[in-house]
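Just so you know, the protein sequences line up as chains A and B, in that order.
The opening position of the first sequence corresponds to residue 32 in the working numbering, with each subsequent residue numbered one higher.
The opening position of the second sequence corresponds to residue 32 in the working numbering, with each subsequent residue numbered one higher.
Note that CB positions come from ideal geometry on N, CA and C, so glycine has one too.
All values reported here derive from a predicted model rather than from experimental measurement.
2 protein chains.
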Amino acid sequence: MNSLEQSLQHAIPLINQRLEELLSPSDEPLLTTIHEAMLYSVRAGGKRLRPLLCLLTAGALRQDESRVLDIACAIEMIHTYSLIHDDLPALDNDDLRRGKPTNHRVYGEAMAILAGDALLNRAFEVLCQLPLAPDLVIRVIAEIASSSGTAGMIGGQVVDIQSEGKSIDMPTMRYIHENKTGRIIRSCLVSSAIACQATAEQIELFDRYGYNIGLAFQIADDILDIEGDEATMGKPVGSDLQNRKSTWPALVGMNGARKAMQEMIDEANRALDPLGDSPAVTALRDLARFIIERKN
Amino acid sequence: MNSLEQSLQHAIPLINQRLEELLSPSDEPLLTTIHEAMLYSVRAGGKRLRPLLCLLTAGALRQDESRVLDIACAIEMIHTYSLIHDDLPALDNDDLRRGKPTNHRVYGEAMAILAGDALLNRAFEVLCQLPLAPDLVIRVIAEIASSSGTAGMIGGQVVDIQSEGKSIDMPTMRYIHENKTGRIIRSCLVSSAIACQATAEQIELFDRYGYNIGLAFQIADDILDIEGDEATMGKPVGSDLQNRKSTWPALVGMNGARKAMQEMIDEANRALDPLGDSPAVTALRDLARFIIERKN
Numbered sequence: 032m033n034s035l036e037q038s039l040q041h042a043i044p045l046i047n048q049r050l051e052e053l054l055s056p057s058d059e060p061l062l063t064t065i066h067e068a069m070l071y072s073v074r075a076g077g078k079r080l081r082p083l084l085c086l087l088t089a090g091a092l093r094q095d096e097s098r099v100l101d102i103a104c105a106i107e108m109i110h111t112y113s114l115i116h117d118d119l120p121a122l123d124n125d126d127l128r129r130g131k132p133t134n135h136r137v138y139g140e141a142m143a144i145l146a147g148d149a150l151l152n153r154a155f156e157v158l159c160q161l162p163l164a165p166d167l168v169i170r171v172i173a174e175i176a177s178s179s180g181t182a183g184m185i186g187g188q189v190v191d192i193q194s195e196g197k198s199i200d201m202p203t204m205r206y207i208h209e210n211k212t213g214r215i216i217r218s219c220l221v222s223s224a225i226a227c228q229a230t231a232e233q234i235e236l237f238d239r240y241g242y243n244i245g246l247a248f249q250i251a252d253d254i255l256d257i258e259g260d261e262a263t264m265g266k267p268v269g270s271d272l273q274n275r276k277s278t279w280p281a282l283v284g285m286n287g288a289r290k291a292m293q294e295m296i297d298e299a300n301r302a303l304d305p306l307g308d309s310p311a312v313t314a315l316r317d318l319a320r321f322i323i324e325r326k327n
Numbered sequence: 032m033n034s035l036e037q038s039l040q041h042a043i044p045l046i047n048q049r050l051e052e053l054l055s056p057s058d059e060p061l062l063t064t065i066h067e068a069m070l071y072s073v074r075a076g077g078k079r080l081r082p083l084l085c086l087l088t089a090g091a092l093r094q095d096e097s098r099v100l101d102i103a104c105a106i107e108m109i110h111t112y113s114l115i116h117d118d119l120p121a122l123d124n125d126d127l128r129r130g131k132p133t134n135h136r137v138y139g140e141a142m143a144i145l146a147g148d149a150l151l152n153r154a155f156e157v158l159c160q161l162p163l164a165p166d167l168v169i170r171v172i173a174e175i176a177s178s179s180g181t182a183g184m185i186g187g188q189v190v191d192i193q194s195e196g197k198s199i200d201m202p203t204m205r206y207i208h209e210n211k212t213g214r215i216i217r218s219c220l221v222s223s224a225i226a227c228q229a230t231a232e233q234i235e236l237f238d239r240y241g242y243n244i245g246l247a248f249q250i251a252d253d254i255l256d257i258e259g260d261e262a263t264m265g266k267p268v269g270s271d272l273q274n275r276k277s278t279w280p281a282l283v284g285m286n287g288a289r290k291a292m293q294e295m296i297d298e299a300n301r302a303l304d305p306l307g308d309s310p311a312v313t314a315l316r317d318l319a320r321f322i323i324e325r326k327n
């Protein structure tokens, strides 16, 4: 079992339990369904990559993970809300997500829209209660809000939608990749580093690691979308290509895509060097390798 | 010109100008449309009741309105996002809002969903930059996040949707009224009072005023929906009744509804008594009266 697997074995139950606590239903019976809808998609969650990055950042900085656990959960809520809204008929119109019916297929479109809204809102409620000094709390909230807004994730979603059915150029594709998923991945590392009172230099290292694995992750997704297998992926293969004509392999070829991905992983690993060796740093390196080797 | 009219003449341009600044488009040409979509609905905004309540709270506490101007704008963004999502085909399916085509009719459903998401997100970004001590900023964000989430506005929207086409009882209708619109109206006053370092007693007074005018506002809406005139309202009359069978007048009769509304306005005015006399307090009293006398 490598460091990443050890980290996962420890982190996943911790994250899942805290998510359940933070999303526990209210006493109001009228709200049963909306809370169920929120939890449905959070429970259907996949790799918990983002929360894991938060915990590993604290570990790499030799800080207690209790400083960042709720940051990890808040970001997972934001990630989940973005998937719920992305899957809606007006957007990607996906019936399946990770092999399960999408939120609107189970709860209806109206409830899915509101469950997404509620998860975004709940994330900010959770962040207000972080067990940190007030000035750190505000810096964390500002970082996450900025990465999930139009200058980040939503911007990436918008440009992705605008590119539907079009051939796009490399800068536009890069914009989508850097923002739709990449910006939040960076924010896991940066916001957690802020919460751990990292220096500006350390924050920059984590940001660089996050930037590179985020982009590599997207290229890997593009490659998997072409080469993957429907049963393993839990969604129809080739759907990216149906909706948007340009992917990394389409623009630079499959070999070019693989080469770019490898360079980014190398750069991510170099960023970690000044942090020295620790189980968390080793797990971050394992994770970078996992991204390009994963099969779903 | 009464105190309310004087306040409006001063406040509306101030609020509108600040909203334009806070929502000014980025330099990224790929994001032109989403920023246009966000601004479209904010500009189509109506009475600016919520931001005005924020400014008047500061005035009633003899504090500079610069303390609360961005709170006012953030809440108006949250209000606007909720209207954009409420108007979607999956929810109320409205083509018109204040006499103008709804967001999704102009920008399409996908962009409308994301414009709503982006306005909620932007509200929290703005709140992180409030010119206040960090502990006050966090209390303000927590108050607003709580009032706009499932325990507040979203909860009200959910129960409203679940009640579509059904006869509901008084507690359920009250739940919708108190939460769908009422909770955010209270939050304008409470969050602004927090920002002005009001005492717990003062915050409670503002909360009571807000609770009562918020509920009275909803009863007035129900009455206008029955008696109003399409041209003045800018939306089809009777639409509430088409979607949800129970309104305040339907449950307690038109006279009972008017009586309840008057009692709430009286209670709202009583709550203001300990604040003494000032132009802002007078404007708050005028506003309470305006709510039951308005024609749209």
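Compare the C-alpha of B/Q37 against each of B/E324, B/P310, B/I323, B/F321 and name the closest. For the residues B/E324, B/P310, B/I323, B/F321, the minimum Cα distance to B/Q37 belongs to B/P310.
Going by the DSSP bridge assignment, what does A/L127 pair with across the sheet? In the DSSP output, where bridge partners are listed per residue, A/L127 has A/P132.
Suppose you measure from the CA of A/V16 to the CA of A/L318; what does that come to, to the nearest Å? There is no way to answer for residue 16 of chain A, as the model of chain A reaches only from 32 to 327.
Limits of the unbroken alpha helix (DSSP H) element including A/I43: First-last of the alpha helix (DSSP H) with A/I43: 34 to 53.
C-alpha distance - A/A176 paired with B/L282, whole-angstrom precision: Take the alpha-carbon of A/A176 and the one of B/L282: they are about 43 Å apart.
Using only alpha-carbon positions, find the residue among A/D95, A/M69, A/L87 that is nearest to A/L114. Shortest Cα-Cα distance from A/L114 to any of A/D95, A/M69, A/L87 involves A/M69.
Please report whether the beta-carbon of A/D148 lies at a distance below 8 Å from any beta-carbon of chain B. Interface residue, yes.
Using a Cβ-Cβ cutoff of less than 8 Å, which residues in the same chain neighbour A/L151 once the five nearest sequence positions on both sides are dropped? Cβ within range, chain order: M108, I109, Y112, S179.
Under the three-state DSSP convention, the category B/I199 falls into: Coil, per DSSP.
For A/Q193, go through chain B and note every residue whose CB falls closer than 8 Å to its CB, in chain order. Result: L61, T64.
Are the beta-carbon atoms belonging to B/A121 and A/L122 less than 8 Å from one another? Cβ atoms of B/A121 and A/L122: not closer than 8 Å.
Report buried or exposed for B/D148, applying the criterion of at least 16 other Cβ atoms within 10 angstroms of its Cβ. Answer is buried; the Cβ neighbour count reaches 16.
Which word fits A/Q293, buried or exposed, when buried means at least 16 other C-beta atoms lie within 10 angstroms of its C-beta? Around the Cβ of A/Q293, a 10 Å sphere holds fewer than 16 other Cβ atoms; the residue is exposed.
Can you give me the C-alpha to C-alpha distance between B/P165 and A/A164, rounded to a whole angstrom? For B/P165 and A/A164, the distance between alpha carbons rounds to 9 Å.
Hey, could you find the ends of the alpha helix (DSSP H) B/H66 is sitting in? Counting along the chain, the alpha helix (DSSP H) containing B/H66 begins and ends at 63 to 74.
Using the three-state DSSP reduction, which class does B/L272 fall into: helix, strand or coil? Low per-residue confidence applies at B/L272: pLDDT is 49, beneath 50, and the placement is therefore not dependable, though the value from the model is reported in the following sentence. Helix, per DSSP.
Quick check on the DSSP output: the alpha helix (DSSP H) that includes B/L150 runs from which residue to which? Note, B/L150: alpha helix (DSSP H), 140 to 159.
Tell me the rounded alpha-carbon separation between B/S218 and B/E156. B/S218 and B/E156: Cα-Cα distance of roughly 18 Å.
Considering just the uninterrupted stretch of the alpha helix (DSSP H) at B/L122, what are its terminal residues? In the DSSP assignment, B/L122 falls outside any alpha helix (DSSP H), carrying neither H nor E.
Helix or strand or just coil, what does DSSP make of A/A105? Here DSSP, grouped into helix, strand and coil, assigns A/A105 to helix.
Best match in B/E209, B/L303, B/P162 for proximity to B/D95 [C-alpha to C-alpha]: Between B/D95 and the set B/E209, B/L303, B/P162, the nearest pair of CA atoms involves B/P162.
Residues in its own chain within less than 8 Å of B/R81 by CB, not counting five upstream and five downstream? Within the same chain, B/R81 has close Cβ partners A103, I106, E107, H110, I215, I216, C219.
Using C-beta distances below 7 Å, list every residue in its chain close to A/L35, excluding the 5 sequence neighbours before and after it, in chain order. Exclusion of the five residues before and after A/L35 leaves A314, D317, L318, F321 as the residues of its chain whose Cβ lies within less than 7 Å of its Cβ.
Under 8 Å between C-beta atoms, does A/G180 make it to chain B? Taking CB atoms only, A/G180 has a neighbour in chain B less than 8 Å away.
Going by the CB atoms, is the gap between A/V312 and A/A91 shorter than 8 Å? A contact, by the Cβ cut-off of 8 Å.
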